[in-house]
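Sequence lines, in order, name chains A and B. Numbered per my numbering, the first sequence spans residues 71 to 546. Numbered per my numbering, the second sequence spans residues 71 to 546. Every residue gets a Cβ at the ideal spot worked out from N, C-alpha and C, and that includes glycine. Structure, as structure tokens:
2 protein chains.
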Amino acid sequence: MAKNEQFVSQIADIETDFPQWYTDVVLKTQLVDYGPVKGTMVIRPYGYAIWENIQKEMDARFKAAGVENAYFPLLIPMSFMTKEAEHVEGFAPEVAVVTHAGGEKLQEPLAVRPTSETIIGHMMGKWVESWRDLPLRMNQWCNVMRWEKTTRPFLRTSEFLWQEGHSVYATGEEAEQETLNMLHLYEDFAKKVLCMPVLTGRKTEKEKFAGAVATYGMEAMMHDGKSLQSGTTHYMGQNFAKAFNVQFTDKDGSLKYGYTMSYGASTRLIGAIIMTHGDGRGLVLPPPVAPVQVVIVPIAQKKEGVLEACKALETMLKQAGLRVRLDDSDNSPGWKFNEWEMKGVPVRIELGPRDIENGVMTVFRRDTCEKGELPLQNAAEAVKGLLAELSEALYKKAEKRMNERIVSANSLEELLEGVNGGNFVKAGWCGCRECEDRVKEYAQATARVMAKENTADQCVVCGKPSVHTVFFARAY
Amino acid sequence: MAKNEQFVSQIADIETDFPQWYTDVVLKTQLVDYGPVKGTMVIRPYGYAIWENIQKEMDARFKAAGVENAYFPLLIPMSFMTKEAEHVEGFAPEVAVVTHAGGEKLQEPLAVRPTSETIIGHMMGKWVESWRDLPLRMNQWCNVMRWEKTTRPFLRTSEFLWQEGHSVYATGEEAEQETLNMLHLYEDFAKKVLCMPVLTGRKTEKEKFAGAVATYGMEAMMHDGKSLQSGTTHYMGQNFAKAFNVQFTDKDGSLKYGYTMSYGASTRLIGAIIMTHGDGRGLVLPPPVAPVQVVIVPIAQKKEGVLEACKALETMLKQAGLRVRLDDSDNSPGWKFNEWEMKGVPVRIELGPRDIENGVMTVFRRDTCEKGELPLQNAAEAVKGLLAELSEALYKKAEKRMNERIVSANSLEELLEGVNGGNFVKAGWCGCRECEDRVKEYAQATARVMAKENTADQCVVCGKPSVHTVFFARAY
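Right under this line is the structure:
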């Protein structure tokens, strides 16, 4: 195992230096690389394949919910950004601006979209005329740009890929309901596709989207106990409808403003997967999004019949709809084991002369790193069952960790102790901004989401009666 | 049919005012709308669904060919653009430039990618070390920006969506072969998926990609006889490899530059479909990319059993994998017929009480506008067969038109007469730039592609011996 250890030692220790572990893993598994412009990333094929699987699964859910895809322009007139007062305040500092094009200075500078509420609001204002046009529900998959000071691949980059859904409804109730429906869609997606438990709830005023009436968020606990915001949905009320004249003639003939909402999830989800499931050996990818679900490693591959048997198995598994890779490179089996373990392939099958003779295959599970044996006959069914079991186990393990690491606090000291210990801290809050700021200052923690019910007595800061029970945590 | 005529009259006449017909069709069928910034377009759900089908089909072909998807940054340092002399000359005049970001002036202005040879070349220079890393073959689906003076939805817009594939090989022979392979992939895609015949061949020096050694193009004949460039592949030799230090250690230990190639196809393909197959009633969409392949229109839909029968049919067709829409709106059948004909749905099924009683359905083919009757039993198989037949017929019809409209010319006068008549003109060419420019000046036609073999005796302009037989045409 000397070689194995040498290989693993290329990754920083996950327990003692998690930030370096993350950087090592994303670079060495070739998920991503740094782009030439500061803060940008190149998503390499192994990383992009995860994104494609995320897109495919999430897009199918949007379509099943009746949402249609469209594409809106990248460049937004700066004047649009300023039409919604809170919106411009929130996004202007992060905007990249095109001032010249076609060899000339532009009459009006153009923002590279940081998000598209404004330009989509403008188009909706053009399209919506009657109550018959409502609801109007669209989504786009695209790139967005937010100029950030501190960046990390997938977690915070100046450009990232995402989907942003935008809907307009005739009533506020419907728009609010859709805001919750989409939060639920994200939560279900995180659970079933990313095998990732999440906390969902409403955000505080301080943490909400610039221009929203209410923002809801989905927060996941990473390996180090910090929180990663993994998807948000926003109820806008009539803020954007009024700014962009999204008006419709209602059944009674009166002219009314619509109610809008939006929701987004991004390539951050790849970061969430890495930091939720990863371990000392590297990535552990959830089967539903793993680019390679099963890798076949031939043992003594030059012996007669071995490669043939491996290829036959590969074909059989592919025909069953699995994403399979047969590694018939010249590298040693040990090297291959390390490589694919670091790359997080959920299941490895080893097949050598003795296995073939006995009609079995050796099966390695990446999550538990345990080896077992399965019959070669009906291999596809058995492997599918194993992948489903593994997905379930990944979720359970992460859920157990999250549940164990949600602690309560009745004082700022306890709150600090809680987050220092890598926990989410559940605590009462009076609802005022000063107390929220004090938590940030004292414990470098922020309000991630508010619990659905207030179960605390007192504000963890000022001791006044609690109005909301809040999950505080340090966050990416 | 009064209503029908009234409806159709909303579209300009295809024969007498084709440009207006195009504009009417793309706007009224809600494929697209104009964006707020001059020259930009919004791709609406009905248009975007066509693009999704194009992507799905083309992406599967790339993957089958062993190409992997990735994503490279939108913003490219301006200094990259200038590293390949011809490249910057060709693209600099069209570039949109980000000069400010995050509230500050940038140290170096950044180009919004017009194409990504430079930034991908830079990354390949970082990734390629040994002959073992080659070939490296990647593709990305993304938005690009080229500031154009005159724009038209899908055909020429400041921002458009496309795929761009980029490969690096150890030898020029392999890179050139891949350039031809990808041209062939495009041609086969056009034929099978867009039902669109094309001419393929090498471009002249004047028409080639800025920075390429050789460009190959795929040209399609539109309804008005003009040509639409629908996909290009480029062999770069070592031009970009040298500019970006894409070097590898070969088997013999020597350090060598790689050879690169690229290929791209864009949302222009949607324009190509519209102008190849459309007719006086509006769109005629090829079944493989039509968002709705079959629309079911209930007749006397309030009569008992009609909607139920329509829904059962819808379910059955959907289960067979078809994209089906049941139009159970309150509009009259006549209104629905017009609507879906304009929207180009390949097959319409009308189902009324009498049909149901007789166990049949009335079937309307959008390409021939002929009605027929088919049994309701085994409807899915019958409709699938009809769609396949329709696809074949669309191709044959377009192929016949193209073949009939390729004429020869032995003089500039004949060439002018040919393109005035809406033809592609095949003529000899001596190979010099002056004669090519003269054709442009005299007949407003350009060299679309060169024929594989030179079969002409004399240059159509100067009368010197012909070196290349060229297809000249007016082009979009």
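| query | What residues of chain A sit near B:H157, judged by a beta carbon separation below 9 Å? | reply | Per Cβ cutoff of 9 Å: no residues; B:H157 is ~16 Å from chain A at best.
| query | Shorter than 8 Å from the beta carbon of A:R114 to some beta carbon of chain B? | reply | yes
| Could you give the residue range of the alpha helix (DSSP H) that holds A:D425? | P423 to N428
| Quick one, which residues of the stretch 161-189 of chain A are near chain B if we go by CB-CB under 9 Å, in chain order? | A162, P163, E164, V165, A166, V167, V168, T169, H170, A171, G172, G173, E174, L176, E178, P179, L180, V182 and I189
| query | Counting only runs that start and end within the stretch 221-276 of chain B, where is the beta strand (DSSP E) found for 3 or more residues in a row? | reply | 229-239 and 269-272
| task | Alpha carbon to alpha carbon, how far is A:E199 from B:E409? Give it in angstroms, no decimals. | result | 19 Å
| Cβ of A:M208 less than 8 Å from any chain B Cβ? | yes
| Given B:K466, which residues of its chain have a CB within under 8 Å of its CB, disregarding the five upstream and five downstream residues? | none
| field | Inside the stretch 434-516 of chain B only - alpha helix (DSSP H) runs reaching at least 4 residues | value | 449-474, 482-490 and 503-513
| field | 6 Å CB neighbourhood of A:A550 in its chain, flanking five on each side removed | value | The structure shown does not extend to residue 550 of chain A, since chain A spans only 71 to 546, so no value can be given for it.
| To the nearest whole angstrom, what separates the beta carbons of A:T274 and A:A517, a pair I think is in contact under 8 Å? | 5 Å
| B:W410 touches chain A at which residues, Cβ-Cβ below 9 Å? | Going along chain A, no residue has its Cβ under 9 Å from B:W410, so there is no contact; the nearest lies around 17 Å.
| Beta-bridge partners of B:V365, as assigned by DSSP | B:R395 and B:R418
| task | Step through the CB atoms of chain B and report whether any lies within less than 8 Å of the CB of A:G498. | result | no
| request: Note the first and the last residue of the continuous beta strand (DSSP E) segment covering B:M292. | output: Counting along the chain, B:M292 falls outside any beta strand (DSSP E), and DSSP gives it neither H nor E.
| Span of the beta strand (DSSP E) holding B:S186? | Element bounds for B:S186: n/a, residue is neither H nor E.
| task | List the DSSP bridge partners of A:E174. | result | A:A171
| said: Quick check: the Cα distance between A:E75 and A:T432, rounded to an integer number of angstroms? | reply: Bear in mind that the predicted position of A:E75 carries a pLDDT of just 46, short of 50, making it too unreliable to give a figure here.
| field | A:Q528 to A:M292 span [Cα, whole Å] | value | 28 Å
| said: What does the alpha-carbon distance come out to for the pair B:N413 and B:T99? | reply: Here residue 413 of chain B is Lys; the residue named in the question, Asn, does not match the sequence. Each residue's alpha carbon lies about 6 Å from the other.
| query | Helix, strand or coil: how does DSSP classify B:T319 here? | reply | strand
| task | Could you check if A:A468 is buried or exposed, using at least 16 other CB atoms within 10 Å of its CB as the buried criterion? | result | buried
| request: Name the two residues that bound the continuous beta strand (DSSP E) containing B:G334. | output: Y329 to S336
| message | Let me check understanding here. Comparing Cα to Cα, which of A:R222, A:P267 and A:E257 lies closest to A:E474? | response | A:P267
| Cβ shell of A:L456 (< 8 Å), same chain only, five flanking positions each side left out | V417, V433, R435 and L444
| message | Taking only three categories from DSSP, how would you classify A:F88? | response | helix
| message | Could you check whether A:L298 and A:A545 sit closer than 8 Å to each other, using their CB atoms as the reference points? | response | yes
| message | Let me check understanding here. Comparing Cα to Cα, which of B:C439, B:A171 and B:V430 lies closest to B:A452? | response | B:V430
| query | Under a CB-based cut-off of 8 Å, is B:F142 close to chain A? | reply | yes
| said: Residues of chain A with CB closer than 9 Å to the CB of B:M345, please, in chain order. | reply: Going along chain A, no residue has its Cβ under 9 Å from B:M345, so there is no contact; the nearest lies around 21 Å.
| task | Consider the Cβ of B:D103: report whether some Cβ of chain A lies at a distance smaller than 8 Å. | result | yes
| request: Can you give me, in chain order, the residues of the stretch 285-315 of chain B that have a beta carbon less than 9 Å from any beta carbon in chain A? | output: none
| In angstroms, rounded to a whole number, what distance separates the CA positions of B:A379 and A:I419? | 50 Å
| query | For A:Q125, does the three-state DSSP call read helix, strand or coil? | reply | helix
| Residues that A:H192 contacts on chain B, provided the C-beta gap is smaller than 7 Å | P106
| field | Rounded C-alpha distance that separates A:V394 from A:A521 | value | 42 Å
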